[in-house]
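Numbers given in this note's numbering equal positions in the sequence shown, counted from 1, plus 18. So the structure is just underneath, and the comments pick up after that.
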Amino acid sequence: MGPLRSHAGELVTDESGMGEIFVQAFSSVFVREIPSEVFPFQTFDGYMEDVMLEYGSLKEILKNLDASTSAGMDGVHPSILKHCADTVAVPLLLIFQKSLSSSELPSAWKMSRVVPIFKSGVKSNPLNYRPVSLTSNCCKVMERLLAAHILDYLESNDLLSNSQFGFRKHRGTEDQLLLTYCDVVEGVDSGAVVDMIFLDFSKAFDVVSHGVLLGKLRALGFCRQVLAWIEGFLCGRSMLVSVGGTDSSSVDVLSGVPQGSVLGPLLFLIYVNSLAGNLDCRWTAFADDFKLYGVFNRDDGSRISLQSDLENLATTASSWNLKLNASKCVVMTFGGRSSDTPAREYQLGESVLRRVDNHTDLGVMIDSALKFHDHISCIVRKSSGLMNQLLRATVCRDRDFMITLYICVSY
Numbered sequence: 019m020g021p022l023r024s025h026a027g028e029l030v031t032d033e034s035g036m037g038e039i040f041v042q043a044f045s046s047v048f049v050r051e052i053p054s055e056v057f058p059f060q061t062f063d064g065y066m067e068d069v070m071l072e073y074g075s076l077k078e079i080l081k082n083l084d085a086s087t088s089a090g091m092d093g094v095h096p097s098i099l100k101h102c103a104d105t106v107a108v109p110l111l112l113i114f115q116k117s118l119s120s121s122e123l124p125s126a127w128k129m130s131r132v133v134p135i136f137k138s139g140v141k142s143n144p145l146n147y148r149p150v151s152l153t154s155n156c157c158k159v160m161e162r163l164l165a166a167h168i169l170d171y172l173e174s175n176d177l178l179s180n181s182q183f184g185f186r187k188h189r190g191t192e193d194q195l196l197l198t199y200c201d202v203v204e205g206v207d208s209g210a211v212v213d214m215i216f217l218d219f220s221k222a223f224d225v226v227s228h229g230v231l232l233g234k235l236r237a238l239g240f241c242r243q244v245l246a247w248i249e250g251f252l253c254g255r256s257m258l259v260s261v262g263g264t265d266s267s268s269v270d271v272l273s274g275v276p277q278g279s280v281l282g283p284l285l286f287l288i289y290v291n292s293l294a295g296n297l298d299c300r301w302t303a304f305a306d307d308f309k310l311y312g313v314f315n316r317d318d319g320s321r322i323s324l325q326s327d328l329e330n331l332a333t334t335a336s337s338w339n340l341k342l343n344a345s346k347c348v349v350m351t352f353g354g355r356s357s358d359t360p361a362r363e364y365q366l367g368e369s370v371l372r373r374v375d376n377h378t379d380l381g382v383m384i385d386s387a388l389k390f391h392d393h394i395s396c397i398v399r400k401s402s403g404l405m406n407q408l409l410r411a412t413v414c415r416d417r418d419f420m421i422t423l424y425i426c427v428s429y
């Protein structure tokens, strides 16, 4: 990774210096203040019962741990927990029960070692890297126990939107893509025009307001026991960045949910669950990847509703500390000809959203003609490049060997 460019404009190549640049960049996006004008959010009249941590569930989680993952700041490797499950299950259960009843977490559980993962753009910009947290494996086990109860409460009471597909059982990326674009195809086949806006939130997981999130949990009827533990889990955290095995200095985490934790994604789903609840147009989401779209007649007048929904969503999101990045939000139109259906401009604040003919949606390149030629060409190019590398690196040309090798490298 790197080299990184410092505030002074110099390129930094040493691991220690890059670690300090990363930790300052990642902490710069945190938001300390609780929004003053918070828009109303989802409420529920029911309530969650107190959670009972069970020995059987704990032992099953321990035995199914992935032993190949890394240890957290407490130095406890998942391989130890997995292979010594029969021995450590009882003492861990006692620790978990004490933590849940007292709403206190060991300090090592609230410390994260962040590993930067490059996303896209210029490699010298530290904000083009995703901060993935390596947290305590013991804490992750307890998070899994709590997450199972929380998800059961949410799903059994239909509290999660059917349009949200992120981090939920039997609702993966394939399900969302198939349902969404089947809807689009039906609209196009009926002679309508479909305008779709792909939304991009800036550092969504890092700017979650702890105060707003806890307020949402209260409104959904979370019991005091779980609510207090989650507050202890979120507040008072700290992190450092590791580059090439060299750790940076530590900084406080003032907002957000830890990326790399078990509860983080689930808490984020709750945070954004009612974000698009009052919209007239259709929408689907996978965590923070939102799509707004409308099926309209060929006269352009009815398409105003999509612009109105975009403004309403942006306003609601802003009141919860979530900011849409206008430069990365794009518009695509399906169906209709440019000659008889003029393209409508959509605005986000003062910015006119860019129109595109193709866009990568959850790993699939979508084109306005819905022919997927660009996606197939991209896969072929990547496969050809990988095969050329394997052919240069191996001598054996046995067909079964090459297929096995290709599959292993691909995954």
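Note that the Cβ used here is the ideal one computed from N, Cα and C, for glycine as well. Treat the numbers as computed from the prediction; the structure is a model and nothing was measured.
In whole angstroms, give me the CA-to-CA distance for residue i and residue j.
i: CYS253; j: PRO124; result: 13 Å
i: ASP385; j: ILE79; result: 42 Å
i: LYS77; j: SER323; result: 52 Å
i: ILE52; j: VAL290; result: 16 Å
i: ARG162; j: PHE286; result: 15 Å
i: GLY233; j: GLY20; result: 39 Å
i: TYR424; j: SER86; result: 21 Å
i: LEU157; j: TRP127; result: Note on residue identity: the sequence assigns Cys, not Leu, to residue 157. About 6 Å.
i: LEU151; j: LEU340; result: The identity of residue 151 in the sequence shown is Ser, whereas the question assumes Leu. Rounded to whole angstroms, SER151 to LEU340 spans 21 Å at the Cα level.
i: PHE216; j: HIS377; result: 9 Å
i: VAL133; j: LEU164; result: 25 Å
i: GLY27; j: GLY209; result: 54 Å
i: VAL269; j: VAL398; result: 44 Å
i: SER45; j: ALA305; result: 22 Å
i: LEU408; j: CYS426; result: 11 Å
i: HIS273; j: ASP224; result: With the sequence shown as reference, residue 273 is identified as Ser, and His is not the correct amino acid for it. Taking the straight line joining both Cα atoms gives about 6 Å.
i: ASP392; j: ALA335; result: 33 Å
i: CYS102; j: GLY93; result: 16 Å
i: SER402; j: PHE390; result: 18 Å
i: PHE57; j: ILE168; result: 24 Å
i: LEU404; j: ASP375; result: 28 Å
i: SER24; j: ASP32; result: 12 Å
Sorted by chain position, which residues of the same chain lie with C-beta nearer than 7 Å to residue i's C-beta, five sequence neighbours on each side aside?
i: GLY139; result: ASN146
i: ARG189; result: PHE183
i: SER369; result: ALA344
i: PHE185; result: PRO283, LEU284, LEU287, ALA305
i: ALA361; result: THR351, ARG373
Check each candidate in the options and name the one with the smallest Cα separation from residue i.
i: SER267; options: MET19, LEU195, VAL41; result: VAL41
i: ILE135; options: CYS414, SER345, VAL259; result: VAL259
i: ASN155; options: ASP170, ASP201, LEU297, ILE98; result: ILE98
i: GLN243; options: MET257, VAL69, SER256; result: VAL69
i: ALA89; options: GLY278, LEU380, VAL382; result: GLY278
i: VAL261; options: SER24, SER34, CYS102; result: SER34
i: PRO149; options: LYS309, GLU363, VAL275, VAL349; result: VAL275
i: GLY381; options: VAL374, ARG372, ILE394; result: ILE394
i: LEU197; options: GLN115, THR302, PHE57; result: THR302
i: ALA332; options: SER292, ARG321, TRP247; result: SER292
i: VAL280; options: TYR199, GLY263, VAL349, MET160; result: MET160
i: PRO109; options: LEU83, SER54, MET129, LEU71; result: LEU71
i: SER181; options: VAL47, PHE308, LEU342, LEU371; result: PHE308
i: GLN194; options: ARG417, ASP379, SER428, ASN82; result: ASP379
Terminal residues of the continuous alpha helix (DSSP H) containing residue i?
i: THR351; result: Note, THR351: premise wrong, no alpha helix (DSSP H); beta strand (DSSP E) at 348-352.
i: PRO109; result: 103-120
i: ALA237; result: 228-237
i: SER401; result: 391-411
i: PHE419; result: 417-428
i: LEU310; result: Where LEU310 is concerned, there is no enclosing alpha helix (DSSP H), although the beta strand (DSSP E) it sits in stretches over 307-314.
i: VAL244; result: 242-252
i: ASP218; result: Unbroken run through ASP218: none, as it is neither H nor E.
i: THR334; result: 322-337
i: LEU281; result: 281-290
i: SER75; result: 73-81
Less than 6 Å between C-beta atoms, sequence neighbours within five positions excluded: which residues of the same chain meet that for residue i?
i: LEU22; result: VAL30, MET36, ILE39, SER142, PRO144
i: CYS241; result: MET66, ASP68
i: GLN325; result: TYR364
i: ALA15; result: Past the edges of the chain, shown from 19 to 429, lies residue 15, and the structure says nothing about it.
i: ASP265; result: LEU258
i: ASN330; result: none
Considering only residues of the same chain and omitting the five flanking positions on each side of residue i, which have a CB-CB separation below 8 Å?
i: GLY295; result: GLN60, SER179
i: VAL212; result: VAL202, GLY205, VAL206, TYR311, GLY312, VAL313, PHE314, THR351, PHE352, GLY353
i: ALA107; result: TYR73, LEU76, LYS77, LEU80
i: ARG50; result: LEU272, SER273
i: LEU299; result: Before going further, note that residue 299 is Cys rather than Leu in the sequence given. Within the same chain, CYS299 has close Cβ partners LEU310, TYR311, GLY312, SER323, LEU324, ASP327.
i: VAL348; result: ILE215, PHE216, LEU371, ARG372, ARG373, VAL374, HIS377
Could you pull the start and end residues of the beta strand (DSSP E) that residue i belongs to?
i: PRO53; result: No beta strand (DSSP E) holds PRO53; DSSP gives it neither H nor E.
i: ARG300; result: 300-304
i: MET66; result: First-last for MET66: undefined, no H or E at that position.
i: PHE40; result: Premise fails: PHE40 lies in the alpha helix (DSSP H), 33-46, not in any beta strand (DSSP E).
i: ASN296; result: ASN296 -> no beta strand (DSSP E), and no H or E assigned at all.
i: THR343; result: At residue 343 the sequence reads Asn, which differs from the Thr that was named. Taken as a continuous stretch (DSSP letters only), ASN343 belongs to no beta strand (DSSP E), as it is neither H nor E.
i: THR378; result: 376-379
Legend entry - Runs of alpha helix (DSSP H) lying entirely within the region 109-195, each at least 4 residues, in chain order: Restricting attention to alpha helix (DSSP H) runs no shorter than 4 residues, the region 109-195 encloses them at 155-174, ordered along the chain.
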